[in-house]
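*Asks:* Line order of the protein sequences matches chains Y and S. With our numbering as the guide, the letters of the first sequence map in order to residues 9 to 437. With our numbering as the guide, the letters of the second sequence map in order to residues 9 to 437. I'd like to ask some things about the structure below.
There are 2 protein chains.
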Amino acid sequence: MVKKVGVAILGLGVVGGGTYQTLVDHHDFYLKTQQVDITVEMVLDLNLERIRQLGIPEECVAKSIEEVLANPNVDIVIETIGGIGVAKNFVLAALRDGKTVVTSNKELICKFSHELEKEAKRNRCGLYYEASCVGGVPIIRTLLDGVQANHITKMMGIVNGTTNYILTKMTYEGADYAEVLKEAQKLGYAEANPSADVDGFDSTYKLSILSSMAFHTKIPFTKIFREGISAVETKDIAYGQEFGYTLKLLAIGKNTENGIEVRVHPTFIPSSHPLASVNDSFNAVYLTGDAVDDVMLYGRGAGALPTASAVVSDVIYAATHTEIKYSTFKNSAQADSNTKFVSNFESAYYLRLLVDDKAGVLAKVSGILGKNNVSIVEITQKGSPDEATGRVPLIVITHKTRENAVKNAIAKINASGIGSVEALIRVEQ
Amino acid sequence: MVKKVGVAILGLGVVGGGTYQTLVDHHDFYLKTQQVDITVEMVLDLNLERIRQLGIPEECVAKSIEEVLANPNVDIVIETIGGIGVAKNFVLAALRDGKTVVTSNKELICKFSHELEKEAKRNRCGLYYEASCVGGVPIIRTLLDGVQANHITKMMGIVNGTTNYILTKMTYEGADYAEVLKEAQKLGYAEANPSADVDGFDSTYKLSILSSMAFHTKIPFTKIFREGISAVETKDIAYGQEFGYTLKLLAIGKNTENGIEVRVHPTFIPSSHPLASVNDSFNAVYLTGDAVDDVMLYGRGAGALPTASAVVSDVIYAATHTEIKYSTFKNSAQADSNTKFVSNFESAYYLRLLVDDKAGVLAKVSGILGKNNVSIVEITQKGSPDEATGRVPLIVITHKTRENAVKNAIAKINASGIGSVEALIRVEQ
């Protein structure tokens, strides 16, 4: 039995436009394979030129959100505006009117899922957001219905395409950060103001959503330790490679006996790790569960059609399931009261120092590290003395220790007069 | 609101035992995170020693399938017996009695899904089989509810852990097939009679299930071209590596304009392809959809707990969804009447020849290939003449051509008297 479903699309940018095209092009395919007859009843966008470009018939063009919501043929509202201004108001209004909402808006879900889910439950309509994380990769569906039998103990994700593109270029072409960023901006892979991507904000929004689902408690993005890639130097990537490591901006979540650890930062992983070969704008999430062991999902984390794939898969899911399973955010902006967060987390470290080229310096560095509970796997001098300062680069790889221990040791080295720590990169296995 | 669900487990082998453990160990976790109270009401297995080992209370031990089905507390029947003998009868009996079935049985689903789904629909109960393909990796859920917005045009899978383990050892340790097989048997990774794995039967069952779902028509396993790994020589793997290729036993499905292509055979893929680094007993499926582009799911394809993860995730899904979405097998043992199968498929090829060490031989080989529509990318002599025959090895990499063209060319070369084709390996990009 075929089910008739009307949708409205709010916002016809890259994702909204891709969604419109996908729905129109696949109408007969969905009718045949999914027994759903999906029609785009209305669209809403201020840019009328864009509406014309997409060839949207005039009778579908709404002038206001009220007009969209007053249309009895609209069952599902797709929000692809982005941001937390009008997008939030429109989504809340749609839910209040009992319309199921499908959104690609990571910032909205990250910051306001509790409000939105409360409204959705109250009005018995659905709220779907597969497209908010990792584009076309069905990571949300997997967490909800694919690996829900597991205590998820760890997740590591490459969840931002722009930074992965930049780091890939720095790794394999030896280019500098500033140079690659400029190129990425020219190609449209990075925004004119790249902060949301390169400073890791985008990754923290996604980690907040994914770790909340994986760990069954709300993880506010403000609890996430964040360090971007703008200070990464190409030479550290190259030195890391010599030690068998590849640099990625990872979103890391761990559910340990001591509590939950959530952090986004440049990370060295063994070059043989499956995440190490996720290159360019590809994304991947690597999960560890107590039954399933390791699972990785890989694919395009952005782009019009890959993201539309997630939006439309949600639309079909919503259209073919009258029962709604909400996530486990529990309508709260905060974590459960019994959730502990670990900020002084455990990690191994890569350090690059510049030290005096004198006898006894190595012993002094080792001594300071040891006294601060930082034990050394390997310490190597790299290259020849700097002409101006006469100092030599020293690479240290540490065993697992605590973040505070390393920070203390670095302060002591910098104060010792024998040299300075020029780079710190965390290492995961 | 907590939902109470009783399950019965039929067969307590590796997967059944792992499922029992997972359900018992996670009871409170599922209660808290999924609002389901799942209890194992009954188990059925001839091996009473195994039941004791697992510490199953006596009152849960059934003596017959009738006793299981007569128990009104059993809502879901888990079938982890395997094979198509009693397993089929038990599953059909359970469905007839209106019990939802969760199974890990690939052969049963591959060969009898049409009968089982018909019975399930008739009695309005569910039939779930995530665990039948690729262990804990949620590939079935992904096809049903993650990428269903796409025309899937291609899938390539490493879906058998035993053969991937053997090929990995041959690739990275240079060991011979027979030697590695013996070792795998000693470690319990391969059966005493390894045919189901090494001859590719297991992979064809899984490809039949996955391609049926991806292409929305039943793909009987008898339509799948099948070639195992027992004739693979380690030297061809090594030569392939020199050309930038890695050898994998791939399950390949393509939905092309000319029809559907389904095949299982040793395949060279570029060593930079994400599937090339799926090693040991890990499995992965690489999908291409018209919107999502490329997606890969990676994880453990077998083992007690990874497979139990899939079984139990299905149990939780069944328990929390009263609505049932059936797959698109359409109750038929055969493909739709308008489905075309392509047996004379298109591929690139790696050929190893032994040819006379004489002037003009290269030109003759090239001539025969050319006359048979096989165009050459590269032709290289490898190593020195064989002492006994005086013949030299020649490696040929071809452009894309048709399977029949290559087979014809090989017959001509073998009949020409100038040499013989010793190895043929298909190449995918």
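Ideal Cβ positions, reconstructed from N, Cα and C, are used throughout, including at glycine.
Just to confirm, are valine 142 of chain S and glycine 24 of chain S a CB contact at a threshold of 8 Å?
*Replies:* no
*Asks:* Does the beta carbon of glycine 154 of chain Y come closer than 8 Å to any beta carbon on chain S?
*Replies:* yes
*Asks:* Counting along the chain, where does the alpha helix (DSSP H) carrying threonine 171 of chain S start and finish?
*Replies:* 169-181
*Asks:* Can you pull the chain Y residues whose beta carbon is under 7 Å from the beta carbon of glutamate 331 of chain S, in chain order?
*Replies:* His329, Thr330 and Glu331
*Asks:* Taking the alpha-carbon of aspartate 394 of chain Y as reference, which of Y/Asp365, Y/Ile405, Y/Phe353 and Y/Val382 has the nearest alpha-carbon?
*Replies:* Closest option to aspartate 394 of chain Y, Cα to Cα, is Y/Asp365.
*Asks:* Using a Cβ-Cβ distance under 8 Å, would glycine 442 of chain Y count as near chain S?
*Replies:* There is no way to answer for residue 442 of chain Y, as the model of chain Y reaches only from 9 to 437.
*Asks:* If we define contact as Cβ-Cβ less than 8 Å, is proline 278 of chain S a contact residue for chain Y?
*Replies:* no
*Asks:* Please list the partners that arginine 434 of chain Y has in chain S, where partner means a Cβ-to-Cβ separation under 8 Å.
*Replies:* Here the premise fails: no neighbours, minimum Cβ distance about 23 Å.
*Asks:* Please check if any C-beta of chain S sits within less than 8 Å of the C-beta of aspartate 45 of chain Y.
*Replies:* no
*Asks:* Once DSSP output is grouped into helix, strand and coil, what is the label at asparagine 422 of chain Y?
*Replies:* helix
*Asks:* Would you kindly check if the distance between the Cβ of valine 382 of chain Y and the Cβ of threonine 414 of chain Y is under 8 Å?
*Replies:* According to the sequence displayed, residue 414 of chain Y carries valine and not threonine. Taking 8 Å as the Cβ cut-off, valine 414 of chain Y and valine 382 of chain Y qualify as a contacting pair.
*Asks:* Is threonine 47 of chain S close to the ligand SAM? I mean its beta-carbon at under 7 Å from any heavy atom of the ligand.
*Replies:* As for the ligand SAM, it is missing from this structure, which has no ligand bound.
*Asks:* Helix or strand or just coil, what does DSSP make of glutamine 156 of chain Y?
*Replies:* coil
*Asks:* When the distance is taken between beta carbons, is leucine 305 of chain Y closer than 8 Å to threonine 150 of chain Y?
*Replies:* yes
*Asks:* Can you check whether the C-beta of alanine 222 of chain S is within less than 8 Å of a C-beta belonging to chain Y?
*Replies:* Not one chain Y Cβ lies under 8 Å of alanine 222 of chain S.
*Asks:* So, leucine 124 of chain S versus valine 99 of chain S, is the Cβ gap smaller than 8 Å?
*Replies:* yes
*Asks:* Taking C-alpha atoms, which residue in S/Ala284, S/Asp322 and S/Phe276 lies nearest to isoleucine 147 of chain S?
*Replies:* S/Asp322
*Asks:* Between valine 188 of chain Y and the rest of its own chain, which residues show a CB-CB distance below 7 Å, the 5 nearest in sequence each way excluded?
*Replies:* Ile174, Lys177 and Met178
*Asks:* Quick one, which residues of the stretch 130-141 of chain Y are near chain S if we go by CB-CB under 9 Å, in chain order?
*Replies:* Glu138
*Asks:* Identify every run of the alpha helix (DSSP H) within the stretch 250-335 of chain S, keeping only runs that are complete inside it and at least 4 residues long; order them along the chain.
*Replies:* The alpha helix (DSSP H) runs of length 4 or more contained entirely in the stretch 250-335 of chain S are, from start to end of the chain, 312-328.
*Asks:* Below 7 Å on C-beta distance, what does asparagine 158 of chain Y contact in chain S?
*Replies:* Within chain S, the residues placing a beta-carbon under 7 Å from that of asparagine 158 of chain Y are Ser317, ordered along the chain.
*Asks:* What do you reckon, are the CB atoms on glutamate 291 of chain S and asparagine 172 of chain S nearer than 8 Å?
*Replies:* With the sequence shown as reference, residue 291 of chain S is identified as asparagine, and glutamate is not the correct amino acid for it. Contact: yes.
*Asks:* Could you tell me which whole alpha helix (DSSP H) segments of length 4 or greater appear in the stretch 328-398 of chain S?
*Replies:* 369-379
*Asks:* Rounded to a whole number of angstroms, what is the C-alpha to C-alpha distance between asparagine 79 of chain S and valine 44 of chain S?
*Replies:* Computed Cα separation, rounded: 20 Å.
*Asks:* Against chain Y, with Cβ distances strictly below 8 Å, would glycine 144 of chain S count as a contact?
*Replies:* yes
*Asks:* Quick one: is glutamine 437 of chain Y buried, meaning 16 or more other Cβ sit within 10 Å of its Cβ, or exposed?
*Replies:* With fewer than 16 Cβ atoms within 10 Å of its Cβ, glutamine 437 of chain Y is classed as exposed.
*Asks:* Just to confirm before moving on: does the CB-CB distance between isoleucine 232 of chain S and threonine 212 of chain S stay below 8 Å?
*Replies:* yes
*Asks:* Identify the residues that DSSP records as bridge partners of proline 401 of chain S: which are they?
*Replies:* S/Leu362
*Asks:* I'd like to check one pair, glycine 165 of chain S with valine 303 of chain Y: are the Cβ atoms closer than 8 Å?
*Replies:* no
*Asks:* How would you list, in chain order, the residues of chain Y whose beta-carbon sits under 8 Å from the beta-carbon of proline 314 of chain S?
*Replies:* Ala299, Val300 and Asp301
*Asks:* Which class does serine 72 of chain S belong to by DSSP, given the choice of helix, strand or coil?
*Replies:* The DSSP-derived three-state label of serine 72 of chain S is coil.
*Asks:* Taking only the alpha-carbon atoms, compute the straight-line gap between valine 404 of chain Y and valine 240 of chain Y and give it to the nearest angstrom.
*Replies:* 17 Å
*Asks:* By DSSP, does valine 429 of chain Y sit in helix, in strand, or in coil?
*Replies:* strand
*Asks:* DSSP beta-bridge partners for phenylalanine 233 of chain Y?
*Replies:* Residue pairing from DSSP places phenylalanine 233 of chain Y in a beta bridge opposite Y/Arg271.
*Asks:* Check each residue of the stretch 393-421 of chain Y: if its Cβ is closer than 7 Å to any Cβ of chain S, include it; give the result in chain order.
*Replies:* none
*Asks:* Count the other CB atoms, across all protein chains shown, that sit within 10 Å of the CB of proline 65 of chain S; report buried if there are 16 or more and exposed otherwise.
*Replies:* Proline 65 of chain S sits exposed, since fewer than 16 C-beta atoms from the chains shown fall within 10 Å of its C-beta.
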